[in-house]
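A.B. asks: Would you mind keeping the following structure in view while I ask a few things?
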Amino acid sequence: MALAPHLVFVPSAGMGHLLPFSRFITALANTGAVDISVVTALPTVSAAEAEHFDGLFAAFPAIRRIDFNLLPFDESVFAGADPFHLQWESLRRSAHLLGPMIASATPRASAVITDVTLASQVIPIAKDELHLPCHVLFVSCATMLSFLAYFPTYLDGAEADHLAGDVDVPGIGLIPVDYPPAVLRNSESLFTKHFIANGRLIAEADGILVNTFDALEPDALAALRSGKVVPGFPQVFAVGPLMSSTTTGSDKAVLGTSSSPIAWLDAQPARSVVYVAFGNRNAVVPDQIREIGAGLEASGCPFLWVVKTTVVDREDNAELKDVLGDGFLVRVQGRGLVTKEWVDQEAVLKHPAIGLSLSHCGWNSVMESAVHGVPLLAWPMLGDQRLIATVIRSGGFGLWMEHWSWDGENVVSGVEIGEKVRELMGDEAISARAAKVREEATKAVAHGGTSYRNMQEFLATLKATF
179 MALAPHLVFV PSAGMGHLLP FSRFITALAN TGAVDISVVT ALPTVSAAEA EHFDGLFAAF
239 PAIRRIDFNL LPFDESVFAG ADPFHLQWES LRRSAHLLGP MIASATPRAS AVITDVTLAS
299 QVIPIAKDEL HLPCHVLFVS CATMLSFLAY FPTYLDGAEA DHLAGDVDVP GIGLIPVDYP
359 PAVLRNSESL FTKHFIANGR LIAEADGILV NTFDALEPDA LAALRSGKVV PGFPQVFAVG
419 PLMSSTTTGS DKAVLGTSSS PIAWLDAQPA RSVVYVAFGN RNAVVPDQIR EIGAGLEASG
479 CPFLWVVKTT VVDREDNAEL KDVLGDGFLV RVQGRGLVTK EWVDQEAVLK HPAIGLSLSH
539 CGWNSVMESA VHGVPLLAWP MLGDQRLIAT VIRSGGFGLW MEHWSWDGEN VVSGVEIGEK
599 VRELMGDEAI SARAAKVREE ATKAVAHGGT SYRNMQEFLA TLKATF
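Sequential numbering of the sequence shown, starting at 179, is according to the working numbering.
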């Protein structure tokens, strides 16, 4: 019996990165065509990450775990930095240990698949030190990939070391200065340094895997593949939407209880509920939380709201009644379900009761909404989310309130939130377009679809170099 190619995955930190990694890993594991090892950076930043890794390895015992104990470093020199950016820095500083770890893997590694946040460190290790093909799994949209790939060219032309104005990406168009991550305007930030380094090295990868599909981002994918964005750019495989094939970690416990959100949704009419969630690492300021509550209450719609008050889950000890204000939970009892617990978002979005998602526009959340035909009220918070909102707007399956802000100085009123929720819940054109996007997503991953063919082509590439 012929040996299968052995892929070593090097994921990064943050559930927004780990989810698509684990979904891609499980999709490959289910094909039976490859052998898989996963480098697990320890310690994780959040409890959710640790639970997710445990769930992955429990569900797929054939997948090997390579524990990667990160080297300590003095974080005080980056006072106030995002804890996940600090973890990326720790991963990068410890990356030189990866070569010997991967070299000693059994069976011998055939290729490395790295998270984009580590690309500038891992690509040289894989290609120059280990002489292995190295692919990048890009966890955001193809539009963001285009911006990342072109950004070094922009900087060289502008003779700048940070984002200093609008960026005209060939084949994509003009990207206003306030659409990319705002932190890129600060040349001293860890994120900016990482972003530039990864943008300069990503073109040396053997291939780029993107969690999107051709019908959703045709222009961005065409620009990347044709070399318009960066001449000679690696092959781009659109393999999305990447979805879970098994439950992992804490979702089993949540879904198995009679008080779970799913049980509550079962009692609601079809397409009647607004789902409100702003991601696993986004904290909302108290004043804005109160206004969101007022808007949901005023909308008259049933709602399921996941509240988060801290960036890292281990630090979140606030009581809901204190966060939401006196009487709110009593007033909405029966019509609204509010929780600070972990929720299986996929299970929620595919539930027939959900009619709208009020979202921060994390790419995983957008893809999950697209897969299940749920219209989006886009309220991007940070990072790549404004660029992602442009995909929602151009795709026509949601509404982006571009003037809504999260800076704490411009608190969006509950009156406006309530009006927009009611408006979208009754917008048949957007609902129809969301249903069409669902059909396109389903077709992409089905046998013979674009993403299915891209996955087969990627596997053929691995076998050709094995």
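Even for Gly, the Cβ is constructed at its ideal location relative to N, Cα and C.
#1: Within 10 angstroms of the Cβ of R201, are there 16 or more other Cβ atoms? Answer buried if so, exposed if not.
#2: Look at the alpha carbon of P354 and the alpha carbon of P348, and state the distance between them as a whole number of angstroms.
#3: Could you tell me the alpha carbon to alpha carbon distance between H263 and L502, rounded to whole angstroms?
#4: Can you say whether G405 is buried or exposed, counting buried as having 16 or more other CB atoms within 10 angstroms of its CB?
#5: Quick one: grab the DSSP three-state call for N632.
#6: Between which two residues does the alpha helix (DSSP H) containing A338 stretch?
#7: How many whole angstroms separate the CB atoms of G576 and I608, which I take to be in contact at a CB cut-off of 8 Å?
#8: Going by DSSP, what residues sit across from W483 in a beta bridge?
#9: Would you identify the three-state DSSP class for T218, choosing helix, strand or coil?
#10: Whose C-beta lies closer than 6 Å to the C-beta of L276 among residues of the same chain, with five residues either side of it excluded?
#11: As a quick exercise: from R631, V186, V452 and V463, pick the residue whose alpha carbon is nearest that of L555.
#12: Just to check my reading of the structure: V294 and I280 have Cβ atoms closer than 8 Å, yes? What is that Cβ distance to the nearest angstrom?
#13: Please list, in chain order, all residues of the same chain as S272 whose beta carbon is under 6 Å from its beta carbon, the five residues on each side excluded.
#14: Ignoring anything shorter than 3 residues or poking outside the stretch 502–587, list the beta strand (DSSP E) runs there in chain order.
#15: I need the boundaries of the alpha helix (DSSP H) containing Q446, first residue and last residue.
#16: Leaving out the 5 sequence neighbours to the left and right, which residues in its chain are closer than 6 Å to R270 when beta-carbon positions are compared?
#17: Taking contact to mean at least 3 C-beta pairs separated by less than 8 Å, is the stretch 628–643 in contact with the stretch 390–408?
#18: With H, G and I counted as helix, E and B as strand and the rest as coil, what does DSSP make of I595?
#19: With the cut-off set at 7 Å, would you say N376 and A297 are in Cβ contact?
#20: Ignore the nearest five residues each way along the sequence and tell me which others in A338's own chain have a CB closer than 7 Å to its CB.
#21: From M603 to W483, what distance separates their C-alpha atoms?
#22: Quick check on the burial criterion: 16 or more other C-beta atoms within 10 angstroms. Buried or exposed for F506?
#23: Can you find the residues in the same chain that come closer than 7 Å, C-beta to C-beta, to K528, ignoring five residues on each side of it along the sequence?
#24: Return yes when the Cβ of P553 is within less than 7 Å of the Cβ of A567, no when it is not.
#25: When the Cα of P221 is compared with those of G192, L206 and R564, which residue comes out closest?
#26: I'd like the list of long-range same chain contacts for A521, defined as Cβ closer than 6 Å, with 5 residues on each side in sequence excluded.
#27: Could you tell me if R509 is buried or exposed, where buried requires 16 or more neighbouring beta carbons within 10 angstroms of its beta carbon?
#28: For the candidate residues L310, L498 and M545, whose alpha-carbon lies nearest to that of E618?
#29: According to DSSP, what are the bridge partners of F187?
#30: Does the distance from the C-beta atom of A283 to that of V407 stay below 7 Å?
#31: How about P198 and L402: are their beta carbons less than 7 Å apart?
#32: Classify G233 as helix, strand or coil using the three-state DSSP reduction.
#33: At the level of alpha carbons, what is the spacing between T204 and D504?
#34: May I ask you to report which of helix, strand or coil DSSP gives L269?
#35: Just how far apart, CA to CA, sit I244 and P261?
#36: Whose C-alpha, out of S224, H340, G478 and Q523, is nearest the C-alpha of G512?
C.D. replies: According to the data block:
#1: Counting other Cβ atoms within 10 Å of its Cβ, R201 reaches 16 or more and is therefore classed as buried.
#2: Taking the straight line from one Cα to the other gives about 14 Å.
#3: When only Cα atoms are considered, H263 and L502 end up about 30 Å apart.
#4: Exposed is the call here.
#5: Three-state result, N632: helix.
#6: Premise fails: A338 is in no alpha helix (DSSP H) and is neither H nor E.
#7: Confirmed, about 7 Å.
#8: W483 has V454 and V516 as its beta-bridge partners, per DSSP.
#9: The DSSP-derived three-state label of T218 is strand.
#10: For L276, where only same-chain residues beyond five positions count, the Cβ hits under 6 Å are I303.
#11: Its Cα nearest to that of L555, the residue V452 stands out among R631, V186, V452 and V463.
#12: That pair is no contact at about 18 Å.
#13: These residues qualify, in order along the chain: L248 and L249.
#14: Counting only runs of 3 or more, we get 514–517, 532–537, 554–556 and 576–578.
#15: Here Q446 belongs to no alpha helix (DSSP H), and DSSP marks it neither H nor E.
#16: If we look at R270 and ignore the five residues flanking it on each side, its Cβ neighbours are Q299.
#17: Yes: the two stretches touch, three or more of their Cβ pairs being nearer than 8 Å.
#18: Here DSSP, grouped into helix, strand and coil, assigns I595 to helix.
#19: Against a cut-off of 7 Å, the Cβ pair of A297 and N376 comes out as a contact.
#20: Residues of the same chain with their beta carbon placed closer than 7 Å to that of A338 are lacking, with the five preceding and five following residues left out of the count.
#21: Rounded to whole angstroms, M603 to W483 spans 16 Å at the Cα level.
#22: Sixteen is the threshold: when 16 or more other Cβ atoms of the shown chains lie within 10 Å of the Cβ of F506, as they do, the residue is buried.
#23: Same-chain partners within the cutoff: H550.
#24: In this structure, A567 keeps its C-beta atom at 7 Å or more from the C-beta atom of P553.
#25: When each option's Cα is compared against that of P221, the closest is G192.
#26: According to the sequence as given, residue 521 is Val; it is not Ala. For V521, where only same-chain residues beyond five positions count, the Cβ hits under 6 Å are P439 and V484.
#27: When all chains shown are included, R509 counts as exposed.
#28: Taking E618 as reference, the option from L310, L498 and M545 with the minimal CA-CA separation is M545.
#29: Bridge partners of F187: V216 and I291.
#30: Result no, Cβ atoms of A283 and V407 do not sit closer than 7 Å.
#31: Going by C-beta atoms, P198 is not nearer than 7 Å to L402.
#32: Of the three classes helix, strand and coil, the one that applies to G233 here is helix, per DSSP.
#33: So the alpha carbons of these two residues sit roughly 45 Å apart.
#34: Judged by DSSP in its simplified three-state form, L269 adopts helix.
#35: Separation of I244 and P261 (C-alpha to C-alpha, rounded to the nearest whole angstrom) is 23 Å.
#36: Of S224, H340, G478 and Q523, the residue nearest in Cα terms is G478.
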